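The structure appears right after this line, and notes come after that.
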Amino acid sequence: MLLEHRGRRPVVPESAYVAPSAVLCGAVVLGEGSRVLHGAVLTAENGDIRLGTNSVVMENALVRGRADHPALIGDAVLVGPHAHVNGATVEDEVFIATGAALFPGSVAGAGAELRINSVLHVNSRLDAGTVLPIGWIAAGDPAQLFSPDRHEELWQLQRELDFPGTVYGVPRGTSMREIMARQSACYGEHAADRRIDLP
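Positions 18 to 216 (the working numbering) are the ones given, in order, by the sequence shown.
Okay, here's the thing in structure tokens:
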């Protein structure tokens with residue numbers, strides 16, 4: 018399904034494929050030979066999404082473009098099933114496995130591998146060619162790699178990365194009521210989205 022959002026429409030070249038159950042919303046530009054499979058959602062809330070040549074977004078993955086952090090995905094990239102690319106830059110030839118998550122302001126360098134259920138934190142840079150192991154977290158610029166059992170060490174670095182400011186535009190300690198009122202207003206704008214057809 019293709020949706021116009023805030024007057025902006027997806028751009029899909031003839032050589033690309035979008036599955037009937039996938040959703041492209043707003044300023045989404047697909048590269049030549051790209052593929053968006055069943056259940057995947059590419060939603061340009063208030064920032065662009067660009068998917069490179071011969072890149073594939075697999076089933077039920079989410080790619081979200083944000084105002085300060087567009088989702089920029091290079092050439093020959095695999096975004097695995099149930100992966101989450103939120104306002105991140107993904108350079109060429111990156112492998113993003115099932116369930117991996119990339120948060121706003123993060124960068125996955127060329128040829129990096131983010132394995133199953135791994136996390137690239139906000140404002141963090143995973144160097145080119147780095148392998149982020151299954152379930153591990155990368156944080157910092159350049160990113161340090163943390164196993165899930167190293168939460169306290171991770172938190173020492175993570176708290177300086179400004180997750181609430183980067184993701185929600187608010188200082189740490191802002192109440193969930195305020196955050197969610199803002200989120201509700203933002204996502205409420207989708208009520209005006211309009212379904213469009215490819216030419």
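For each residue, glycine too, the CB sits at the ideal point set by N, CA and C.
For clarity, every value in this text was computed on a predicted model and none was experimentally measured.
Count the other CB atoms within 10 Å of the CB of residue 78; is the residue buried (16 or more) or exposed (fewer)?
-> buried
When we look at the beta-carbon of residue 146 and count the other beta-carbons within 10 Å, is it buried (16 or more) or exposed?
-> exposed
Answer yes or no: do residue 196 and residue 204 have a C-beta to C-beta separation smaller than 7 Å?
-> no
Provide the residue span of the beta strand (DSSP E) that contains residue 163, from first to last.
-> 161 to 163
Straight-line CA distance for residue 27 to residue 169?
-> 42 Å
Using a Cβ-Cβ cut-off of 7 Å (strictly less than) and excluding sequence neighbours within five positions of residue 76, which residues of its own chain qualify?
-> 54, 55, 56, 57 and 98
Look up residue 67 in the DSSP assignment and say whether it is helix, strand or coil.
-> strand
For residue 81, does the three-state DSSP call read helix, strand or coil?
-> strand
Grab me the residues of residue 211's own chain with a C-beta within less than 8 Å of its C-beta, minus the 5 sequence neighbours each way, in chain order.
-> 20 and 21
Would you mind stating whether residue 104 and residue 69 have Cβ atoms separated by less than 7 Å?
-> no
Taking three-plus beta-carbon pairs below 8 Å as touching, is the stretch 124 to 143 in contact with the stretch 185 to 194?
-> no
Which residues in the same chain as residue 136 place their Cβ atom closer than 6 Å to its Cβ, once the five residues preceding and following it in sequence are excluded?
-> 118 and 154
Near residue 43, which residues of its chain fall below 6 Å by C-beta distance, leaving aside the five closest residues on each side in sequence?
-> 22, 25 and 61
Go ahead and pull the three-state DSSP assignment for residue 178.
-> helix
Hey, how far is the Cα of residue 121 from the Cα of residue 86?
-> 6 Å
Which whole-angstrom value describes the C-beta separation of residue 84 and residue 64, a residue pair presumed to lie in contact below a C-beta threshold of 8 Å?
-> 5 Å
Can you tell me whether DSSP reads residue 54 as helix, strand or coil?
-> coil
How would you call residue 177, buried or exposed, if buried means at least 16 neighbouring beta carbons within 10 angstroms?
-> exposed
From which residue to which residue does the beta strand (DSSP E) around residue 154 run?
-> 154 to 156
Hey, out of 80, 113 and 47, whose CA is closest to residue 96's CA?
-> 113
Which residues in the same chain as residue 165 place their Cβ atom closer than 8 Å to its Cβ, once the five residues preceding and following it in sequence are excluded?
-> 152, 153 and 154
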